[in-house]
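Counting from 2, one number per residue, gives the positions in the sequence shown under the working numbering.
No residue lacks a Cβ here, since even glycine has one placed at the ideal position from N, Cα and C.
Just so you know, these numbers come straight off a predicted model, no measurement behind them.
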Amino acid sequence: MAPSQWSRELAGSAAARHTLMDDLRRYYTSSIAPLWPQVRTDATADRALRAEMLLRGGVDALLTTLSPTWLWDPPTLHLPSRSSYDIPLCGRGLLLMPSWFATGPMIMYRPEESTVLTYPMHLPDAPAGPPEVLGPLLGRTRAAVLAGVRDPATTTALAERVGVSLAAASQHATVLRNAGLVRTTRIGIAVLHSLTPLGRALLDGEPRAPLG
2 MAPSQWSREL AGSAAARHTL MDDLRRYYTS SIAPLWPQVR TDATADRALR AEMLLRGGVD
62 ALLTTLSPTW LWDPPTLHLP SRSSYDIPLC GRGLLLMPSW FATGPMIMYR PEESTVLTYP
122 MHLPDAPAGP PEVLGPLLGR TRAAVLAGVR DPATTTALAE RVGVSLAAAS QHATVLRNAG
182 LVRTTRIGIA VLHSLTPLGR ALLDGEPRAP LG
(Lines of atoms letter the chains of each structure in order from A and count residues from 1; the text may use other names and numbers.)
(Lines give C-alpha, C1' and ligand atoms only; values in the text may rest on other atoms or scores of the structure.)
Protein backbone atom coordinates (compact mmCIF):
# COMPACT_ATOMS: atom_id res chain seq x y z
CA MET A 1 0.00 0.00 0.00
CA ALA A 2 1.41 3.38 -1.05
CA PRO A 3 1.96 5.87 1.79
CA SER A 4 -0.56 8.71 2.03
CA GLN A 5 0.33 12.32 1.31
CA TRP A 6 0.05 13.08 5.03
CA SER A 7 2.53 10.35 5.97
CA ARG A 8 4.95 11.48 3.29
CA GLU A 9 4.78 15.05 4.59
CA LEU A 10 5.28 13.84 8.14
CA ALA A 11 8.35 11.82 7.17
CA GLY A 12 9.92 14.60 5.16
CA SER A 13 9.05 17.72 7.11
CA ALA A 14 10.39 18.66 10.52
CA ALA A 15 7.66 21.30 10.81
CA ALA A 16 4.96 18.66 10.31
CA ARG A 17 6.50 16.49 13.02
CA HIS A 18 6.64 19.41 15.44
CA THR A 19 2.98 20.18 14.70
CA LEU A 20 2.04 16.58 15.44
CA MET A 21 4.02 16.63 18.70
CA ASP A 22 2.32 19.86 19.79
CA ASP A 23 -1.11 18.43 18.98
CA LEU A 24 -0.35 15.27 20.97
CA ARG A 25 0.82 17.31 23.97
CA ARG A 26 -2.36 19.42 23.88
CA TYR A 27 -4.50 16.30 23.59
CA TYR A 28 -2.75 14.71 26.56
CA THR A 29 -3.18 17.85 28.67
CA SER A 30 -6.87 18.26 27.85
CA SER A 31 -8.05 14.64 27.66
CA ILE A 32 -5.59 12.21 29.27
CA ALA A 33 -4.00 14.04 32.19
CA PRO A 34 -7.30 14.51 34.13
CA LEU A 35 -7.96 10.76 33.84
CA TRP A 36 -4.43 9.60 34.63
CA PRO A 37 -4.85 9.07 38.40
CA GLN A 38 -7.88 6.84 37.71
CA VAL A 39 -6.00 5.00 34.97
CA ARG A 40 -3.15 4.26 37.39
CA THR A 41 -5.57 3.08 40.09
CA ASP A 42 -7.40 0.77 37.69
CA ALA A 43 -4.11 -0.54 36.30
CA THR A 44 -3.03 -1.49 39.82
CA ALA A 45 -6.33 -3.31 40.40
CA ASP A 46 -6.03 -5.13 37.08
CA ARG A 47 -2.48 -6.22 37.87
CA ALA A 48 -3.58 -7.50 41.27
CA LEU A 49 -6.43 -9.49 39.71
CA ARG A 50 -4.16 -11.06 37.07
CA ALA A 51 -1.55 -11.89 39.71
CA GLU A 52 -4.19 -13.56 41.89
CA MET A 53 -5.45 -15.64 38.96
CA LEU A 54 -1.91 -16.67 38.05
CA LEU A 55 -1.09 -17.56 41.66
CA ARG A 56 -4.23 -19.55 42.32
CA GLY A 57 -4.89 -21.19 38.96
CA GLY A 58 -1.75 -20.80 36.87
CA VAL A 59 -1.62 -19.65 33.26
CA ASP A 60 -4.95 -21.37 32.50
CA ALA A 61 -6.79 -19.21 35.04
CA LEU A 62 -5.01 -16.08 33.82
CA LEU A 63 -5.96 -16.60 30.17
CA THR A 64 -9.50 -17.72 31.03
CA THR A 65 -10.23 -14.43 32.80
CA LEU A 66 -8.67 -11.94 30.38
CA SER A 67 -12.04 -11.19 28.78
CA PRO A 68 -15.53 -12.73 29.10
CA THR A 69 -15.79 -12.98 25.30
CA TRP A 70 -12.44 -14.76 24.80
CA LEU A 71 -12.14 -18.53 24.98
CA TRP A 72 -9.05 -20.29 26.27
CA ASP A 73 -9.08 -23.78 24.79
CA PRO A 74 -5.54 -25.05 25.45
CA PRO A 75 -3.32 -24.57 23.60
CA THR A 76 -5.35 -21.95 21.68
CA LEU A 77 -6.67 -18.59 22.86
CA HIS A 78 -9.68 -17.73 20.68
CA LEU A 79 -10.34 -14.00 20.23
CA PRO A 80 -13.49 -12.51 18.66
CA SER A 81 -12.64 -11.33 15.16
CA ARG A 82 -14.12 -11.07 11.69
CA SER A 83 -11.23 -13.16 10.41
CA SER A 84 -9.54 -16.25 11.76
CA TYR A 85 -5.79 -16.69 11.89
CA ASP A 86 -3.11 -18.22 14.07
CA ILE A 87 -0.23 -16.38 15.68
CA PRO A 88 2.61 -18.76 16.50
CA LEU A 89 4.46 -17.94 19.71
CA CYS A 90 7.38 -20.18 18.73
CA GLY A 91 8.68 -20.31 22.27
CA ARG A 92 9.11 -16.54 22.51
CA GLY A 93 6.15 -16.07 24.85
CA LEU A 94 3.20 -13.70 25.06
CA LEU A 95 3.47 -10.16 26.44
CA LEU A 96 0.16 -9.00 27.96
CA MET A 97 -0.53 -5.27 27.79
CA PRO A 98 -3.62 -3.97 29.65
CA SER A 99 -5.26 -0.90 28.12
CA TRP A 100 -7.69 1.48 29.78
CA PHE A 101 -8.92 2.66 26.37
CA ALA A 102 -9.03 -0.53 24.27
CA THR A 103 -12.48 -1.99 23.52
CA GLY A 104 -11.15 -5.23 22.07
CA PRO A 105 -7.98 -7.24 21.54
CA MET A 106 -5.04 -5.85 19.59
CA ILE A 107 -2.17 -8.07 18.55
CA MET A 108 1.33 -7.15 17.45
CA TYR A 109 3.42 -9.99 16.08
CA ARG A 110 7.16 -9.42 16.43
CA PRO A 111 9.14 -12.15 14.64
CA GLU A 112 12.16 -11.97 16.93
CA GLU A 113 10.44 -11.01 20.20
CA SER A 114 7.41 -11.89 22.32
CA THR A 115 4.04 -11.47 20.67
CA VAL A 116 2.14 -8.55 22.23
CA LEU A 117 -1.52 -8.97 23.15
CA THR A 118 -3.28 -5.79 24.26
CA TYR A 119 -6.50 -6.45 26.17
CA PRO A 120 -9.14 -4.17 27.73
CA MET A 121 -8.20 -3.47 31.32
CA HIS A 122 -10.53 -4.86 33.96
CA LEU A 123 -12.41 -1.88 35.39
CA PRO A 124 -13.83 -2.50 38.86
CA ASP A 125 -17.57 -2.02 39.16
CA ALA A 126 -18.93 0.77 41.26
CA PRO A 127 -20.47 -0.60 44.45
CA ALA A 128 -24.11 -1.38 43.78
CA GLY A 129 -26.61 -3.89 45.01
CA PRO A 130 -24.86 -4.52 48.36
CA PRO A 131 -25.68 -7.59 50.44
CA GLU A 132 -28.00 -5.43 52.57
CA VAL A 133 -30.25 -4.92 49.51
CA LEU A 134 -30.17 -8.49 48.21
CA GLY A 135 -30.06 -10.11 51.64
CA PRO A 136 -33.84 -10.48 52.04
CA LEU A 137 -33.98 -12.16 48.62
CA LEU A 138 -30.92 -14.41 48.67
CA GLY A 139 -29.84 -14.41 52.29
CA ARG A 140 -27.00 -12.22 53.54
CA THR A 141 -24.23 -14.77 53.08
CA ARG A 142 -25.35 -15.83 49.61
CA ALA A 143 -25.71 -12.19 48.58
CA ALA A 144 -22.17 -11.58 49.84
CA VAL A 145 -20.94 -14.56 47.80
CA LEU A 146 -22.62 -13.13 44.69
CA ALA A 147 -20.96 -9.77 45.33
CA GLY A 148 -17.69 -11.60 45.95
CA VAL A 149 -17.46 -12.72 42.33
CA ARG A 150 -17.67 -9.25 40.81
CA ASP A 151 -14.04 -10.06 40.10
CA PRO A 152 -13.55 -13.72 39.05
CA ALA A 153 -12.42 -15.88 41.94
CA THR A 154 -11.51 -19.44 42.75
CA THR A 155 -13.47 -21.10 45.53
CA THR A 156 -10.59 -20.51 47.94
CA ALA A 157 -10.33 -16.82 47.04
CA LEU A 158 -14.11 -16.47 47.30
CA ALA A 159 -14.14 -18.01 50.78
CA GLU A 160 -11.44 -15.56 51.86
CA ARG A 161 -13.26 -12.55 50.38
CA VAL A 162 -16.56 -13.39 52.07
CA GLY A 163 -15.11 -14.79 55.29
CA VAL A 164 -16.75 -18.21 55.17
CA SER A 165 -15.45 -21.75 55.05
CA LEU A 166 -14.35 -23.36 51.80
CA ALA A 167 -17.29 -25.77 51.95
CA ALA A 168 -19.78 -22.92 52.50
CA ALA A 169 -18.36 -20.89 49.63
CA SER A 170 -18.60 -23.92 47.34
CA GLN A 171 -22.18 -24.64 48.41
CA HIS A 172 -23.39 -21.08 47.90
CA ALA A 173 -21.61 -20.84 44.55
CA THR A 174 -23.35 -24.04 43.43
CA VAL A 175 -26.78 -22.65 44.35
CA LEU A 176 -26.03 -19.40 42.50
CA ARG A 177 -24.76 -21.34 39.50
CA ASN A 178 -27.90 -23.47 39.39
CA ALA A 179 -29.93 -20.23 39.44
CA GLY A 180 -28.02 -18.90 36.45
CA LEU A 181 -26.32 -16.10 38.38
CA VAL A 182 -22.78 -17.48 38.48
CA ARG A 183 -20.66 -19.26 35.87
CA THR A 184 -18.15 -21.86 37.03
CA THR A 185 -15.17 -22.96 34.93
CA ARG A 186 -12.97 -25.88 35.95
CA ILE A 187 -9.25 -25.21 35.64
CA GLY A 188 -7.27 -28.31 36.53
CA ILE A 189 -8.10 -29.17 40.13
CA ALA A 190 -9.50 -25.69 40.83
CA VAL A 191 -12.71 -23.97 39.74
CA LEU A 192 -13.15 -20.34 38.79
CA HIS A 193 -16.39 -18.47 39.53
CA SER A 194 -17.58 -15.38 37.64
CA LEU A 195 -20.84 -13.50 37.19
CA THR A 196 -23.22 -14.29 34.35
CA PRO A 197 -24.96 -11.34 32.65
CA LEU A 198 -28.05 -12.14 34.74
CA GLY A 199 -26.03 -12.19 37.94
CA ARG A 200 -24.38 -8.87 37.12
CA ALA A 201 -27.75 -7.29 36.28
CA LEU A 202 -29.17 -8.46 39.61
CA LEU A 203 -26.15 -7.26 41.54
CA ASP A 204 -26.18 -3.87 39.81
CA GLY A 205 -29.94 -3.44 40.15
CA GLU A 206 -30.49 -3.08 36.41
CA PRO A 207 -34.16 -3.16 35.36
CA ARG A 208 -35.29 -6.05 33.19
CA ALA A 209 -37.50 -5.47 30.17
CA PRO A 210 -41.14 -6.55 30.77
CA LEU A 211 -42.17 -9.88 29.31
CA GLY A 212 -44.69 -10.09 26.49
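Counting C-beta pairs with one atom in each stretch, the stretch 60-68 and the stretch 165-172 have fewer than three that are closer than 8 Å, which means they do not touch.
The stretch 82-102 and the stretch 191-203 do not touch, with fewer than 3 CB-CB distances between them shorter than 8 Å. C-alpha of residue 159 to C-alpha of residue 39: approximately 26 Å in a straight line.
Around the beta-carbon of residue 145, 16 or more other beta-carbon atoms lie within 10 Å, marking it buried.
Between the stretch 28-38 and the stretch 175-189, the count of Cβ pairs shorter than 8 Å is below three; the stretches do not touch.
Residues of the same chain with a CB within less than 8 Å of the CB of residue 30, apart from the 5 flanking positions on each side, do not exist.
Residue ranges of uninterrupted alpha helix (DSSP H) with 4 or more members, entirely inside the stretch 153-205 and ordered along the chain, are 156-163, 167-179, 198-205.
Taking 8 Å as the cut-off, the Cβ atoms of residue 183 and residue 150 count as close. In this structure residue 58 is buried. Its beta-carbon is surrounded by 16 or more other beta-carbon atoms within 10 angstroms. Spatial neighbours of residue 80 in its own chain (CB-CB distance under 7 Å, excluding positions within 5 residues in sequence) are listed in chain order as 71, 106.
Counting only residues of its own chain and dropping the five nearest sequence neighbours on each side, residue 143 has a CB closer than 6 Å to the CB of 173.
Per DSSP, residue 122 lies in no beta strand (DSSP E) segment and is marked neither H nor E.
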